[in-house]
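K.L.:
Right, I'll just put the structure down here and ask away after.
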């Protein structure tokens, strides 16, 4: 029978299937972070160890400071201490504060060649969907399942349904993977992918860089899907070859032979199919408090009065009330108080290069900061002189971490402050209590910093950038 | 894990769709121990409490009729977003052991079962019907009978629900997953040996 890419990876990892239909899946990679302490507590209480330390890797990202290494808050210090203690106790490879390979788990995993096509990968973080961009089946889990993977290197799973999002055409000038995923979520909804693994396919996806694909799969969780996945191709192989933990020599050759089979068969059938016109995607911004509440930046704040469904109308009114926006106002008239470029969604080299191209010889009108996706990205950006462009433009050039995306290291947006951010969630209070978040691409974030308003970056780029 | 069998409790309607887990448990509480005596206060903290720590009278859980709620009836895509299992811990700390909604965030749905909390998927119509009754009769009770897979509404209407049989069994018996899994040790060891031989590249280099 014809198989999807996902079917092939799934079948390769089933250890056994119970009569009730649940499969015991082998997990090739398990990533943990400071927030995984509950799971280490569980296995400790039960007197269990880590079954496969060779497949388990720790990333210091959620609580790590982005300025210096001093942590004044004792509760945050405790998170960092627990991460170090648990890593040491179980002898797990981990990328600690100050390590040249430290950074956000979903940036560093692919960067070190730990994330590979054809593997199953879990982490106690919802944005684990990111790694599907390399052709892996990757998904976020809660603390109980983290403990289960630590102790058994397996998980019980019922096979999700399959969905294919085909993106035809080509993304236009000034339009990035971030705009595409925001447009896709606006189209299918924040629960449009629930219960499914979404495979992205089509010419616009093939055309994306590996980094753009990582952005796309990263935010697939915001459509409710179990994961996103993209067939690995020559770009994927070229990205991985020679990276620290990627296979070498004969193992590499064998791997590539296997990876070349990882694509959906021509006649494979998906439970759901969606087609998107890539040519029609504009730079996109969110105006509400769910990632599905997004519009082209050239548009206006929608009017709840024009929504027929009463529940949807009430939800929209609540979103606009929280966001402090008036129906009908032009999105480009919305003033922002600050700009954040960072997170597992948009803090890779390509993202920083795009933002720098917009910011070169310009000044930010509002406070702005950048937290690179990894320490390696930071080094590379500095080697290319991008840090100077950012600093000259008035941006703070920080260290790598989850930073202002989730705010738990203390990098917070103030109450009532409006931010244009490259992260993944515009939820109420996500970037700080009372913070108002507009999700945008790195180029759009740079544009908003320059004008102090949400801005169609294409207008600035035409002006000679 | 505490088993789940039949629960009769005051139910509270939560009318907004897409309530994310950041709203259910703001991120700054993620560093708290589950043994923190204030854990129950973290649930919906930023909408439930005012700046001075007093209860926000407009938030539904603070209304007298719903103070003892043990069941939530929510709108679509409840608990989407972050994988934080602490969202489930905060519900349990408030003795809320069941959430009924048309759809859930995928990871929250799994996390619930691991902690003896029952998430039930119903149609939009049933969710709306239950929430309407709960608004009309504040403090009304709902009964959730897991063995029979029946929800009994305040007006005595009975709604059957579906549940994965494996998850049902584990909830009824309060079974620990890891112990069950390790019964498959022979299968697991054989798989690991075979994988190392057939896909040697899948073991990290260096």
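Chains as they are written, first to last, in this note's numbering: chain A, 1 to 465; chain B, 1001 to 1206. For glycine and all other residues, C-beta sits at the position ideal for the given N, C-alpha and C.
#1: Check this for me: beta carbons of residue 1009/B and residue 1141/B, under 8 Å apart or not?
#2: Residue 1003/B lies in the alpha helix (DSSP H); which residues open and close that run?
#3: Quick one: which unbroken beta strand (DSSP E) runs of 3-plus residues sit fully inside the segment 1002-1042 of chain B? Chain order, please.
#4: Given that a residue counts as buried once 16 or more other Cβ atoms are within 10 Å of its Cβ, and exposed if not, what is residue 321/A?
#5: Starting from the beta carbon of residue 242/A, find every residue of chain B whose beta carbon is closer than 8 Å, and list them in chain order.
#6: Does the distance from the C-beta atom of residue 234/A to that of residue 350/A stay below 8 Å?
#7: With 7 Å as the limit, tell me which residues of the segment 1155-1183 of chain B have their beta carbon closer than that to any beta carbon of chain A; keep them in chain order.
#8: Where residue 66/A and residue 80/A are concerned, what is the direct C-alpha to C-alpha distance, given to the nearest angstrom?
#9: Spell out whether any CB of chain B is found under 8 Å from the CB atom of residue 199/A.
#10: When you compare each of 37/A, 206/A, 440/A to residue 75/A by their alpha carbons, which one comes out closest?
#11: What does the Cβ neighbour count give for residue 30/A, buried or exposed, with the cut at 16 atoms within 10 Å?
#12: Who are the Cβ neighbours of residue 337/A in its own chain at under 7 Å, not counting the five residues just before and after it?
#13: Given that residue 251/A touches chain B, what residues does it touch there, using C-beta distances under 8 Å?
#14: Give the residues of chain A in contact with residue 1195/B, contact being defined as C-beta atoms less than 9 Å apart.
#15: Have a look at residue 45/A and residue 428/A and give me their C-alpha separation to the nearest angstrom.
#16: Relative to the C-alpha of residue 115/A, which candidate in 28/A, 182/A, 183/A, 180/A has its C-alpha closest?
#17: Could you check which residue in 106/A, 64/A, 331/A has the C-alpha nearest to that of residue 373/A?
#18: Hey, does residue 1081/B have any beta-carbon neighbour from chain A nearer than 8 Å?
#19: So, using beta-carbon positions, are residue 1174/B and residue 1116/B closer together than 8 Å?
#20: Just to confirm the assignment, what range does the alpha helix (DSSP H) spanning residue 167/A have?
#21: Do residue 127/A and residue 409/A have their C-beta atoms closer together than 8 Å?
#22: By how many angstroms is the C-alpha of residue 1002/B removed from the C-alpha of residue 1039/B?
#23: For residue 465/A, which residues of its own chain have a beta-carbon under 8 Å away from its beta-carbon, when the five flanking residues on both sides are left out?
#24: Reducing DSSP to helix, strand and coil, say where residue 123/A ends up.
#25: Quick one, which of 1090/B, 1059/B, 1151/B has its alpha-carbon nearest residue 1025/B's?
#26: Can you tell me whether DSSP reads residue 184/A as helix, strand or coil?
#27: Check whether the Cβ of residue 465/A lies closer than 8 Å to any Cβ atom in chain B.
#28: Relative to the C-alpha of residue 1094/B, which candidate in 1072/B, 1084/B, 1078/B, 1132/B has its C-alpha closest?
#29: Closer than 8 Å, CB to CB, is residue 1092/B near chain A or not?
#30: Is it the case that the segment 198-215 of chain A contacts the segment 288-306 of chain A, given that we only count it when at least three CB pairs across the two stretches are under 8 Å?
#31: Output needed for residue 480/A: all residues of its chain with C-beta closer than 8 Å, excluding positions within five of it in sequence on either side, in chain order.
#32: Helix, strand or coil, according to DSSP, for residue 199/A in the structure here?
#33: Using 8 Å as the cut-off, can you tell me whether the segment 435-448 of chain A makes contact with the segment 1030-1047 of chain B, which would need three or more C-beta pairs spanning the two stretches below that distance?
#34: Below 9 Å on C-beta distance, what does residue 151/A contact in chain B?
#35: Can you check DSSP and say which residues form a bridge with residue 157/A?
#36: Quick check on DSSP: helix, strand or coil for residue 465/A?
P.N.:
Answer, in terms of the structure:
#1: As a working mapping, residue 1009/B is identified with position 9 in the second chain. As a working mapping, residue 1141/B is identified with position 141 in the second chain. Yes, the Cβ-Cβ distance between residue 1009/B and residue 1141/B is below 8 Å.
#2: Position 3 of the second chain, counted from the first residue, corresponds to residue 1003/B. Residue 1003/B -> no alpha helix (DSSP H), and no H or E assigned at all.
#3: 1006-1014
#4: The count along the first chain starts at 1 and reaches residue 321/A at position 321. Under this definition residue 321/A is an exposed residue.
#5: Taking the first chain and counting its residues from 1, one reaches residue 242/A at position 242. None at all; the shortest Cβ gap to chain B is about 11 Å.
#6: Translated into positions along the first chain, residue 234/A becomes position 234. Translated into positions along the first chain, residue 350/A becomes position 350. Taking 8 Å as the Cβ cut-off, residue 234/A and residue 350/A do not qualify as a contacting pair.
#7: 1164, 1165, 1166, 1177, 1178, 1181, 1182
#8: Start at 1 with the first residue of the first chain, and residue 66/A comes out as number 66. Start at 1 with the first residue of the first chain, and residue 80/A comes out as number 80. In a straight line, the C-alpha of residue 66/A is about 14 Å away from that of residue 80/A.
#9: Position 199 of the first chain, counting from 1, holds the residue named residue 199/A. Output row for residue 199/A: interface = no.
#10: Counting from 1 along the first chain, the entry for residue 75/A is found at position 75. The residue with the shortest Cα to Cα distance from residue 75/A is 37/A.
#11: As a working mapping, residue 30/A is identified with position 30 in the first chain. Under this definition residue 30/A is a buried residue.
#12: Reading the first chain from its first residue, position 337 is the one you call residue 337/A. Excluding residues within five positions, the ones whose Cβ falls inside 7 Å are 366, 417, 418, 419.
#13: Working through the first chain from its first residue, we reach residue 251/A at position 251. Neighbours of residue 251/A on chain B, chain order: 1200, 1201, 1205.
#14: For the purposes of this step, residue 1195/B is identified with residue 195 of the second chain, where counting begins at 1. Ordered by position in chain A, the residues that pass the 9 Å Cβ test against residue 1195/B are 12, 13, 26, 28.
#15: By one-based count along the first chain, residue 45/A stands at place 45. By one-based count along the first chain, residue 428/A stands at place 428. Spanning the two alpha carbons is a distance of roughly 35 Å.
#16: The count along the first chain starts at 1 and reaches residue 115/A at position 115. Nearest option by C-alpha distance: 28/A.
#17: Counted from its first residue, the first chain places residue 373/A at position 373. Checking every option, the nearest Cα to that of residue 373/A belongs to 106/A.
#18: Position 81 of the second chain, counted from the first residue, corresponds to residue 1081/B. With 8 Å as the cut-off, residue 1081/B counts as an interface residue toward chain A.
#19: Translated into the one-based positions of the second chain, residue 1174/B becomes position 174. Translated into the one-based positions of the second chain, residue 1116/B becomes position 116. Yes, the Cβ-Cβ distance between residue 1174/B and residue 1116/B is below 8 Å.
#20: Here residue 167/A refers to the residue found at position 167 when the first chain is read from its first residue. Unbroken run through residue 167/A is the beta strand (DSSP E), 161-168; no alpha helix (DSSP H).
#21: Against the first chain, residue 127/A aligns to sequence position 127. Against the first chain, residue 409/A aligns to sequence position 409. No, these two residues do not count as a Cβ contact at 8 Å.
#22: On the second chain, position 39 is the one that residue 1039/B refers to. On the second chain, position 2 is the one that residue 1002/B refers to. If you take the alpha carbons of residue 1039/B and residue 1002/B, they lie about 18 Å apart.
#23: Your numbering for residue 465/A matches position 465 in the first chain. With a pLDDT of 43 at residue 465/A, under the threshold of 50, the modelled position of this residue cannot be trusted, and the question is left open.
#24: What you label residue 123/A is simply residue 123 of the first chain in a count that begins at 1. Strand at residue 123/A.
#25: Taking the first residue of the second chain as position 1, residue 1025/B is located at position 25. Closest by alpha carbon: 1090/B.
#26: Here residue 184/A is taken as the residue at index 184 of the first chain, counted from 1. Helix, per DSSP.
#27: If you number the first chain from 1, residue 465/A lands on position 465. Legend: pLDDT at residue 465/A = 43, less than 50; position of this residue unreliable, no value from coordinates given.
#28: Indexing the second chain from 1 puts residue 1094/B at position 94. When each option's Cα is compared against that of residue 1094/B, the closest is 1072/B.
#29: Sequence index remark: in the second chain, residue 1092/B carries index 92 (1-based). So, not an interface residue.
#30: no
#31: Only positions 1 to 465 of chain A appear in this structure, which leaves residue 480/A out of reach.
#32: Numbered from its first residue, the first chain carries residue 199/A at position 199. Residue 199/A: strand per DSSP, three-state reduction.
#33: no
#34: The sequence position of residue 151/A within the first chain is 151, counting from 1. What residue 151/A touches in chain B: 1178, 1181, 1182.
#35: Looking up residue 157/A in the first chain gives position 157. The partner list for residue 157/A (beta bridge, DSSP) reads 23/A.
#36: Within the first chain, numbered from 1, the residue matching residue 465/A stands at position 465. Note that residue 465/A has pLDDT 43, beneath the 50 cutoff, so the model's placement of it is unreliable and the number below is only indicative. Looking at residue 465/A - three-state DSSP - the assignment turns out to be coil, as it is neither helix nor strand.
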